[in-house]
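Inspection log for the structure reproduced underneath, given as structure tokens.
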Amino acid sequence: MASADPGNAATAAQKMLKIENTQKRDALVEIERRYQKVWADSGVFESNAPTAGDASQAQQPKYFATIAYPYMNGSLHAGHGYTLSKVEFATGYARLQGRNALFPLGFHCTGMAIKACADRLEREVEMFGQNFEHYTDDDEGDLDTRKAGDGTTSNDAGATSVSDVTKFRSKKTKAVAKSGAAKYQFQIMLSQGIPREDIHKFADPYHWVHVFPAAGIRDASRLGLRVDWRRSFVTTDANPFYDSFVRWQMNRLKELATITRLIEFVKRYTIYSPKDGQPCLDHDRSEGEGVGIQDYTAIKMKVLNWSDAATNTIQKVLPSNTEANVYFLAATLRPETMYGQTCCFVGPKIKYGLFKLHDASAKTGSDNEYVVCTERAARNLSFQGYSAVWGEVQKLVELTGADVVGTLLDAPLSVHKSVRVLPMESAQASKGTGVVTCVPSDSPDDYATVTELAKKADYYGIQKDWATLEVIPIIETPNYGKLTAPALVEKMKIVSPKDPKLAEAKNIAYKEGFYYGNMIYGEFSGRPVQQVKDLVKQKLLDSALAFPYAEPEGIVISRSKDECVAAHLDQWYLNYGTAENGGDGEWNAQVRAHLLNQGEDGLNTFSTETKRRFEEALDWLGQWACARSYGLGSKLPWDDQFLVESLSDSTIYPAYYTIAHYLHRDIYGKEPGLANVRPEQMTDEVWDFVLARTEKLPSDSDISQPVLNTMRHEFQYWYPLDLRVSGKDLIQNHLTFFLYIHVALWPSKYWPRGIRVNGFVLLNGEKMAKSTGNFLTLRETVDKFGADAARVALADAGDAVDDANFSESVANAAILKLYELRQWLENMILGDGKDGQRSGPLNFWDTLFDNELNRLVWETKAAYDAHLFRAALRSGFYNLTGSRDVYRDAVGTMGDGGLRANNVVSRDGGVGPASQEAGKEQQKKSASASSGPRTVFDPRSSPFRLRIFFTKSLPAWQERCIDLVTAALKETGLVDTDAIGKSIGKTETKRAMPFIQQLKKRLDGAAESDGVGVGGDDQAGDETDKNVEMAIRLGRRLPFDEGAVLEEMGPVLKKMLGTRCEKVEIVRITKTTATESRSGEGEEGQEEVIEGCVLSTGEVLAMEDLPTIAASAAPGIPRFVFEPVN
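Each residue of the sequence shown is one higher than the one before, starting from 0 at the first, in numbering that gives the first Met the number 0.
This is the structure:
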């Protein structure tokens, strides 16, 4: 856990919004709670499959959506709310479309996180007492200011009771503030507002399972989610029905392994926590999620003669037996380059050790061998079978790198039979073994270092000839010849080992050598490096000159605060991955085909970025250890010493949702459900039939056939899953596993149809974290803003895969908008709003509002269809309210009753609450951008007039482009942009070609909708009508009188702008050119001339009297300026 700066924490806390006046919020919350109770009592969100054989209900389309169920080691927070909101909005939209929509929610408790916290608490209770009364930190008084049994904090005597352990309150101690993180688990619990006297109960891991899921149901219900709570459950053996379901899943995967390679029990390297005594997979880590294994070849460089500084030390610890062999252990990724070794590097300040290498007779050639490497590397080796006792390191002595500089070594395979140990300041103790073998022909790092050492031999305390052994060409590349590293160093002008360009050079050298290089030295000379690499590695292994070594490719810390290693273990693995990375390639290909929509029903990822991330995961993700021995979960059915790990018991649980209410009434499976069955009755054969993996009824089941058929029908009705929503970080594991296991267990008609991922959630523009105080639980969010305002802010937070931002200011503003909306709706439906309404023919403003209403509804529908809920909020709420207000300002109280009713229905149809503020801000920006440099006064304090400029003419250059397109249509019936481009002057090309491309798209789109070619149908309609239609399509003419519309709007705009606006003038712009030539040649000399005419007075305005921006007006695109009256 990263340390938190207490100053930053205080600043973050200060930035949290404080709501002073809660009257409007409380009024809204009273309504919310009233209807939430009605919904709960009536079961309005309980969705059922239609009765089998009911033709009318069977015609109703279904919609089934879920999130990746939350992990229950604490309360739900605003980030959970953001993910939940995506399914909530999608489900609500599906219901409005008349679909039978199902949104269930379970709770994940599998894994080691809960168990690790519980075990720490158990130890702390033993150390400090049940209520931690023996803890003696000097700052104890600030650690918890509440006395046992007291339900309030000392500085908040009238506050809400904190006896509810799921309510987060940050109470950081001075000690915690200084260190940035609590030292003990009980301190963390106190900081979250859990009463001291309750904390000891959490030493039982199943207490977590009972406290936090129940709180999750309460908090999600308070947000008003449309969840069918009958189908909820907890994972692990705390629910025996779900436990049975997981064991069935694993049994069926193992059975499939007899045909394919889905599951294997083999010895492989895996990330391992020595403290926990088990593999440490992604969900078991507090740091290093996504970090994998890095495989090396450990080269044994035998000591021929020790340096003077190391000789005495070594002689004291090595046995008198002269047959003892000592090796410097160099970890390399490029064994094929060992022919070119010229020295060996160590970090002069790095601490090394001399370690006993065990089991050498089997792995390395003799049983009397010792290695020099870092202690970190030795620790990894001890879990890979290279120590006498598993996990124990046998260290004889410690040495620094400086001590061993000058030691003479044998370099396996090298043309130089003996090389020296030399200093390398950039060597890292945290990577590999800390010992680096030097191949200057192909490693830019190595070449730069030996060059530096040779130049400054005296400074580094070495003999110059140690660093000047001949650099032998071993690999030839097409771009850099026979000595890739020297060529790159020279080309990139790299002057020292500290040059930052070395990182790029190293990357180039590796790719060039591996993918395009050919060996030119040794027994494999003439063959491609890609073919030779593994052959050379095997030669070294067979000759006992090297052995395999692995380590985590980065730091991994388990939830029990243990630094993990790479262990070589017998383990059950799921064979995800391509054939190239050791997986079941055929399985991978099936999943990839579904992702890429190559089957009958593909997968909708809602964005190309999401699909790309899935493709990357399918490329690199390999075998996955699916079992462990520590934590909570379900036992592996064929080997009960193991538990199914947390990402492997959560792959197909949407199938469990479909029948959960038939199995149990409560989330723990204690109360029988609709089917009245017991957990032991749910045998593997029953699961096979119910979940449609077989047509055969289970022969030995005592569950009645009608009950079995009903549950099977429920599954078949709801599956496949239509939408799954989760964070983007789960693509690399959970979501990809979700696809793999569905593909393995069911035919394609049951494979998932949609996955939508979102980014992480910021709070007020900053990372949300308990350690900084910038944090909101879901309960706090709803308590602070109410459910509806919180939902508006969640919708407004973001749409894309990028990180979103939950803004408290947006939520707070939504309270005011919702309250105003509520008053308006009540007035329209129940109050005096009807009194001033009229009926009869629609006038101009009625028609304008009706068109705008229809446009916004269709725009909102398109956003919902694309799952762009922020866009839906904008068009269906903010913009709709703005349009309503413009209409209301225009017609006053005499609006059309039918249109107003339509506006109410549109809102009720899911477009939601809104705000005018975004529209006002956009108006402000548009005015600023359009007014031009002539506007040098402040219209907020001076009388002004508004002039709006419109035209029926396009700019001359656009007219010329349209003429060319029209001519092409008449001549060939096609718009060949390349041919047209040849007729355009060079200076016009940059702006003309994009315009012509847009014309072509517009014409093509019109042709598609008409079902005719762009040239039209000679038999269709009057020629004049066709010309008008073509002019409209080309943008030369609008389907309405723009001037008349603007004149109608003038009085309303004047009213909206206030008393300082003395008049609004509509000005028609006429455009001509200085020459009549339109041949397409010599246009560079033409000049466009404009003239204006004020419609209301007939006043003619010369070009010099018009603002510059008037010239940019185009049909349908008016321009405007604010001008002083005088």
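In this text, a Cβ means the ideal position worked out from N, Cα and C, and glycines have one as well.
Asked	Found
Cutoff 6 Å; reference Leu412; Cβ partners in own chain excluding five residues on either side	Met337, Tyr338
Residue interval of the beta strand (DSSP E) (run including Tyr271)	262 to 272
Start-to-end residues for the beta strand (DSSP E) that takes in Leu224	Note, Leu224: premise wrong, no beta strand (DSSP E); not H, not E.
Identity of the residue in Thr65, Arg225, Thr577 nearest Gln35 by Cα	Arg225
Distance, Ala486 Cα to Gly480 Cα	8 Å
Closest by C-alpha distance to Ala799, when choosing among Arg790, Tyr749, His866, Glu825	His866
Reference Val781; option with closest CA among Asn20, Arg32, Lys14	Arg32
Touch test, the stretch 15 to 27 against the stretch 810 to 825, Cβ-Cβ under 8 Å, three pairs minimum	yes
Expected contact under 8 Å - CB spacing of Ile493 and Leu501 to nearest Å	6 Å
Thr971 at chain B interface by Cβ criterion, 8 Å	Annotation note: the requested chain B is absent from the structure, which comprises a single protein chain.
Other residues of its chain near Ile730: CB distance less than 8 Å, five sequence neighbours each side excluded	Thr609, Arg612, Phe613, Ala616, Val756
For Pro551, the nearest candidate out of Ser542, Glu562, Ile519 (CA to CA)	Glu562
Where the beta strand (DSSP E) containing Ala803 begins and where it ends	803 to 805
Own chain residues within Cβ distance below 7 Å of Gly6, not counting five before or after	Because the pLDDT at Gly6 is just 42, under 50, the model does not fix this residue reliably, and the value given afterwards should be weighed accordingly. Here the set comprises nothing.
Distance, Ala545 Cα to Ser715 Cα	The sequence as given places Gln at residue 715; Ser does not occur at that position. Going from the Cα of Gln715 to the Cα of Ala545 covers about 56 Å.
Classification of Ala1101 by the beta-carbon crowding that lies within 10 angstroms, buried from 16 upward	exposed
Integer-rounded CB distance, given that Lys463 should sit under 8 Å from Ala447	About 17 Å separates the two Cβ atoms, so there is no contact after all.
In DSSP terms, what Phe948 is bridged to	Val1066, Arg1118
When Asp1040, Lys985, Trp717, Pro942 are compared against Asn99, the one with the closest alpha-carbon	Trp717
Environment of Val164 [buried if 16+ CB atoms lie within 10 Å]	Reliability fails at Val164, whose pLDDT of 49 lies under 50, so the model's placement of it is uncertain and no value is given.
Whole-Å CB distance - Gly1157 paired with Asn238, under 8 Å assumed	One cannot answer for residue 1157 here, as it falls past the ends of the chain, which runs 0 to 1125.
Straight-line Cα distance separating Gln589 from Leu255	15 Å
Where Trp823 falls: helix, strand or coil (DSSP)	helix
Alpha-carbon spacing of Pro1127 relative to Gly516, whole angstroms	Nothing can be reported for residue 1127: it is not among the residues displayed for the chain, which extend from 0 to 1125.
Of the residues Leu841, Ile292, Arg419, Ser633, the one placed nearest Phe244, counting alpha carbons only	Ser633
Straight-line Cα distance separating Lys860 from Thr657	28 Å
Three-state class that DSSP yields for Phe382 in the structure shown	coil
Same chain only: Cβ atoms within 6 Å of Glu916, ignoring 5 sequence neighbours per side	Bear in mind that a pLDDT of 31 at Glu916, under 50, signals an unreliable position, so the number given afterwards is only what the model happens to contain. There are no such residues.
Touching by the beta-carbon criterion (3+ pairs, under 8 Å), the stretch 110 to 122 and the stretch 204 to 217	yes
Segments assigned alpha helix (DSSP H), at least 4 residues, entirely inside the stretch 416 to 469	443 to 454, 456 to 459
Check whether Asp533 and Ala484 have beta carbons under 8 Å apart	no
Three-state secondary structure assigned by DSSP to Thr109	coil
Within 8 Å, strictly: CB atoms of Phe688 and Arg711	yes
Beta-bridge pairing of Phe63 - partner residues as DSSP gives them	Leu101
Exposed unless 16 or more other CB atoms sit within 10 angstroms - verdict on Lys1119	The identity of residue 1119 in the sequence shown is Phe, whereas the question assumes Lys. Answer is buried; the Cβ neighbour count reaches 16.
Delimiting residues of the beta strand (DSSP E) encompassing Ile754	754 to 757
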